[in-house]
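The numbering used here puts the first residue of the sequence shown at 207, with every later residue one more than the last.
Just so it is clear, CB atoms sit at the ideal spot from N, CA and C, and this is done for glycine as well.
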Amino acid sequence: MKKTLLVSGVLALIAGIQTAQAAVGTYNITTTWYEPDTQPRDSIFIGSFTFDDVTHSVTNLQGLLSESMSGDQVAYNPATGINGTDNMNWVSLTNQLANGDATHTYTWHDATLGGTLATVFKNTNSLTFTTLTGGDGWSPQAGVDVGGVYAGYPKKPQATVNPQNAYAMIFVPDNLTAAGSTLSWDEATGSGSLGLAHTAYADFLELVGSGGYDAGGMMGAVGMTATSAWVYGAVGTMSGVPFSQVITAAAVVPEPESYALMLAGLGLLGLASRRQRKSC
């Protein structure tokens, strides 16, 4: 009887590890900002990141951001991938900067929203918008407050003064699991995921392909952005707004403590099995 209870207990322990364990997972993400003025093309961030479901930390965030003002009137097609159907320019964003002071916090957990906002940049610094009238020079709110004008304004020439930065800010919900997450936001009604409504992007690169524009801003001194008026007080410079976000699991790695528990459980199970054989 005792042996049966021991075996049952060990099996229950092992079975419970998968659900109780803390896990660090690698995820793929597609965040879309609807661009009414460039349809059928939208501004889309496609990338990956690592998420710790205990600390809610988002690390290794990187990916590509589409420039919806570029290319032909053809939408991005997930089935064919980047430039499989579309021929938009895609900007490489690889710098998830370390947090600094209060005005240079690029990744943070928001308990009210129930998730983590994380930002990845093109450049190795966050300088994106002008600070002529104040502001931190990078955040979505700072961008709205200065009308989306490039960093360095009004100094000229734009092509050399403006650092031509770009960034994407995503939202990772606390309840992210191996099943992933799908969020949506309706700007017209202000309904959907408020976390997604806080996401944003900005792009100040010089476009050299189809539909080109001057360096320093896609529209003169103004770059291209997307924000929600419900959160930041105005939509993007080309009326871009948050629309959808899909996160899928790439890999989930159990924490070391979970491995230790599993090995201990297997060891107890093996011991019980050996004792049972000896008693037969």
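Please classify G231: does DSSP put it in a helix, a strand, or coil?
-> Three-state result, G231: strand.
Contact between the stretch 395–410 and the stretch 432–442: three or more CB pairs below 8 Å?
-> In short, these stretches touch, since the Cβ pair count reaches three.
Boundaries (first-last residue) of the beta strand (DSSP E) holding T265 | Counting along the chain, T265 sits inside the beta strand (DSSP E) bounded by residues 264–273.
Rounded to whole angstroms, how far is the Cβ of T334 from the Cβ of A308, which I believe are closer than 8 Å?
-> The C-beta separation of T334 from A308 comes to about 17 Å, leaving the pair out of contact by the 8 Å criterion.
Within 10 angstroms of its Cβ, does N371 collect 16 or more other Cβ (buried), or is it exposed?
-> So N371 counts as buried.
Below 8 Å on the Cβ atoms is my guess for V264 versus F255; work out the distance and round it to an integer in Å.
-> Their Cβ separation, rounded to whole angstroms, is 5 Å, which keeps V264 and F255 in contact under 8 Å.
Do you know offhand how far T318's Cα is from D259's?
-> Rounded to the nearest angstrom, the gap between the Cα atoms of T318 and D259 is 17 Å.
Beta bridge counterpart(s) of F251 as assigned by DSSP | F251 is bridged to T237, L271.
Which residue from G231, S272, N289 puts its Cα closest to that of H262?
-> Residue nearest to H262 within the set G231, S272, N289 is G231 (criterion: CA-CA distance).
Evaluate the contact criterion for the stretch 378–394 versus the stretch 334–349: three or more CB pairs, one atom per stretch, below 8 Å.
-> No, the stretch 378–394 does not touch the stretch 334–349.
Output the boundary residues of the alpha helix (DSSP H) element that contains A372.
-> Unbroken run through A372 is the beta strand (DSSP E), 372–379; no alpha helix (DSSP H).
For Y240, I'd like the list of residues in its chain whose CB is within less than 7 Å of its CB, leaving aside the five on either flank, ordered along the chain.
-> If the five residues before and after Y240 are omitted, its C-beta is found closer than 7 Å to the C-beta atoms of D248, G446, V447, F449, all from its own chain and listed in chain order.
Leaving out five residues on either side along the sequence, give the residues of the same chain with a beta carbon under 6 Å from the beta carbon of A324.
-> Within the same chain, and ignoring the five residues on either side of A324 in sequence, the residues whose Cβ sits closer than 6 Å to its Cβ are V264, L267, T313, I376.
Please list, in chain order, all residues of the same chain as P369 whose beta carbon is under 8 Å from its beta carbon, the five residues on each side excluded.
-> Sequence-distant partners of P369 (beyond 5 residues in either direction) whose C-beta falls short of 8 Å from its own C-beta, in its chain, are N329, N331, L333, T334, A357, G358, F410.
Report yes if the CB atom of A229 is closer than 8 Å to the CB atom of L299, and no otherwise.
-> In this structure, L299 does not lie closer than 8 Å to A229 by Cβ.
Count the other C-beta atoms from every protein chain shown that fall within 10 angstroms of the C-beta of P363, then say buried if there are 16 or more, exposed otherwise.
-> Per the 10 Å Cβ criterion, exposed.
Proximity below 8 Å, CB of T322 to CB of V378 = Note that the C-beta distance between T322 and V378 is below 8 Å.
Which whole runs of the beta strand (DSSP E) in the stretch 272–300 are 3 residues long or more, in chain order?
-> The qualifying runs are 295–299.
Mind checking whether N234 and A456 have CB atoms under 8 Å apart?
-> Cβ atoms of N234 and A456: closer than 8 Å.
Would you mind reading off the limits of the beta strand (DSSP E) that contains A324?
-> Where A324 is concerned, the enclosing beta strand (DSSP E) stretches over 321–327.
Taking DSSP as the reference, what is the three-state secondary structure of Y359?
-> Residue state, collapsed to three classes: coil.
Helix, strand or coil at N446 [DSSP, three-state] = One point to set straight first is that residue 446 is Gly, not Asn, in the sequence displayed. The answer is strand: DSSP assigns G446 an E or B state.
Identity of the residue in I453, M444, Q451 nearest Q245 by Cα | Of I453, M444, Q451, the residue nearest in Cα terms is M444.
Reducing DSSP to helix, strand and coil, say where D307 ends up.
-> In the structure shown, D307 sits in coil (DSSP, three-state: anything other than H, G, I, E or B).
Whole-angstrom distance between T311 and G341, CA atom to CA atom = Rounded to whole angstroms, G341 to T311 spans 13 Å at the Cα level.
Nearest residue (CA-CA) to G442, options S390, D351, G398, Q451 | Out of S390, D351, G398, Q451, the CA that lies nearest to the CA of G442 is found in D351.
Rounded C-beta distance between F257 and L400? I'm assuming under 8 Å.
-> A Cβ-Cβ distance of about 19 Å is found for the pair F257 and L400, leaving them out of contact under the 8 Å criterion.
Among G429, P360, H315, D278, which one has its Cα closest to the Cα of T339?
-> Out of G429, P360, H315, D278, P360 has the C-alpha closest to the C-alpha of T339.
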